[in-house]
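Undergrad:
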Amino acid sequence: MATDHGPELVHPHSTLELVPTSGLEAAKHGWVSQPVEPLPHNQEYSQPKRRILGLSVRAFWIIVIILVVVLAGAIGGGVGGSLAARGGADSSISTEAVDTGTTPSPSSSTASGADTATSTRPEAASVSPAPRDGGCPDINGTAYAPINAGGNAMPLRSGGAAQSFVRLCSTDYPAGEAYGNPGIYDILKLYMPSLEDCIAACAAYNMQYQTNSDNGIPGGGLCRSVTVIKMAGEYCYLKNGTGTNNTLRNPELYSSAVLIL
């Protein structure tokens, strides 16, 4: 016997099917998002690298270091070369100074048995200052007794009387007949800074002449007068005597002395 359970619920047969998808597709009335696939490894996003003057930072600093090294080497080489050149020049100057003041010894020249060239450099030419006198016209006619380097009188012979001279301003006895002095000649011409030094040279000559004469050695005679020409580059003249005074119209340029003993 059938049992009545009441009204039944009937489900429609329009079954819904679930279709798997990899994302949401565009709907009719809008957009739906789909998952973003990752980029390949070599296409990953990265920040742009820093650059200096178009170069990477590392390349820039490498170039800077190379330039610094090159410049330092160039500067060091230039300074070193300059110092070496200066040292060579100083050495050359020192060598020249030593060579100028050194003369070869006779023994070394003899031992070599050959002629050796010596480097001699003449000193710079200079004109000697004008000889002077003791103060013309005040000294005119006054006596003067020269002394030697030791401060002693200068006799003709040892133990004899000292030589003495009388000084004469504006006086000269030029040698030769052309000047009216045919018997006068110059025994010696040398530079002396003053008339008094010229007198001392005359006295020293006389001492040696007398010694030689006493020993039978002939000479040029006694120095009996002297003259200095008071001009730059002029000399002291030792003469064998006196004669006609001739100052060639320039009396202020001449001072003389005459031996009185």
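Residue numbers for the sequence shown follow full-length UniProt numbering, beginning at 1 and rising by one. Don't be surprised by glycine CBs; every beta carbon is placed ideally from N, CA and C. The model shown is predicted, which means the values in this text are computed figures rather than measured ones.
1. For the segment 130–145 against the segment 220–231, do three or more pairs of beta-carbon atoms, one drawn from each stretch, fall closer than 8 angstroms, so that the two count as touching?
2. On the three-state DSSP scale, how would you describe R58?
3. As a quick exercise: from A72, R157, G151, pick the residue whose alpha carbon is nearest that of Y209.
4. Below 8 angstroms, can you find three or more Cβ-Cβ pairs linking the segment 166–185 to the segment 141–157?
5. Could you tell me whether the segment 250–258 touches the segment 181–190, using the rule of 3 or more Cβ pairs below 8 angstroms?
6. With distance defined between alpha-carbon atoms, name the residue in S126, L195, T171 nearest to P146.
7. Of all the options T244, S126, G219, G150, which has the alpha carbon lying nearest to the alpha carbon of E234?
8. What is the residue span of the alpha helix (DSSP H) that C202 lies within?
9. How about G183 and G220: are their beta carbons less than 9 angstroms apart?
10. Helix, strand or coil: which one does DSSP assign to L168?
11. Roughly how many whole angstroms lie between the Cα atoms of G151 and A162?
12. Evaluate P218 with the Cβ neighbour count: other Cβ atoms within 10 Å of its Cβ, from every protein chain shown; 16 or more gives buried, anything less gives exposed.
13. With 16 as the cutoff for other CB atoms within 10 Å, does L56 come out buried or exposed?
14. List the residues that DSSP assigns as beta-bridge partners of C223.
15. Look at the alpha carbon of A175 and the alpha carbon of L259, and state the distance between them as a whole number of angstroms.
16. Under the assumption that I199 contacts A257 (Cβ atoms under 8 angstroms), give the Cβ distance between them as a whole number of angstroms.
17. Roughly how far, in whole angstroms, is the beta-carbon of Y254 from the beta-carbon of T171, given that I think they are within contact range, below 8 angstroms?
18. Helix, strand or coil for residue 271, going by three-state DSSP, please let me know.
TA: Reading it off the structure:
1. Result yes; three or more Cβ-Cβ pairs closer than 8 angstroms.
2. For this step, residue 58 is matched to residue 58 along the sequence shown. In the structure shown, R58 sits in a helix (DSSP, three-state: H, G or I).
3. The sequence position of residue 209 within the sequence shown is 209, counting from 1. Ranking the options by Cα distance to Y209, first place goes to R157.
4. Verdict: yes, contact present.
5. The segment 250–258, when compared against the segment 181–190, does not touch it at the 8 angstroms Cβ threshold.
6. Taking the sequence shown and counting its residues from 1, one reaches residue 146 at position 146. Comparing Cα-Cα distances from P146 to each of S126, L195, T171, the minimum goes to L195.
7. Looking up residue 234 in the sequence shown gives position 234. The shortest Cα separation from E234 among T244, S126, G219, G150 belongs to S126.
8. Numbered from 1 along the sequence shown, position 202 holds the residue referred to as residue 202. First-last of the alpha helix (DSSP H) with C202: 195–214.
9. Residue numbering aside, residue 183 sits at position 183 when the sequence shown is read from its first letter. Residue numbering aside, residue 220 sits at position 220 when the sequence shown is read from its first letter. Not a contact, by the Cβ cut-off of 9 angstroms.
10. Along the sequence shown, one-based indexing puts residue 168 at 168. L168 carries a strand assignment under DSSP once its states are collapsed to helix, strand and coil.
11. Counting from 1 along the sequence shown, the entry for residue 151 is found at position 151. Counting from 1 along the sequence shown, the entry for residue 162 is found at position 162. If I take the Cα positions, the gap works out to 12 angstroms.
12. The sequence position of residue 218 within the sequence shown is 218, counting from 1. Around the CB of P218, fewer than 16 other CB atoms lie within 10 Å, so the residue is classed as exposed.
13. Looking up residue 56 in the sequence shown gives position 56. What sits at residue 56 in the sequence shown is Ser, not Leu. The residue in question, S56, is exposed, as its Cβ has fewer than 16 Cβ neighbours within 10 Å.
14. Position 223 of the sequence shown holds residue 223. Per DSSP, C223 has no beta-bridge partner at all.
15. Here residue 175 corresponds to residue number 175 of the sequence shown, with the count starting at 1. Here residue 259 corresponds to residue number 259 of the sequence shown, with the count starting at 1. In a straight line, the C-alpha of A175 is about 17 angstroms away from that of L259.
16. Here residue 199 refers to the residue found at position 199 of the sequence shown. Here residue 257 refers to the residue found at position 257 of the sequence shown. Yes, they are in contact, since the Cβ atoms of I199 and A257 sit about 5 angstroms apart, within 8 angstroms.
17. Locating residue 254 in the sequence shown gives position 254, where the first residue counts as 1. Locating residue 171 in the sequence shown gives position 171, where the first residue counts as 1. Between Y254 and T171 the beta-carbon gap is near 6 angstroms, inside 8 angstroms, which marks them as a contact.
18. What the structure shows of the chain is the stretch from 1 to 261, and residue 271 is not part of that stretch, so it cannot be assessed.
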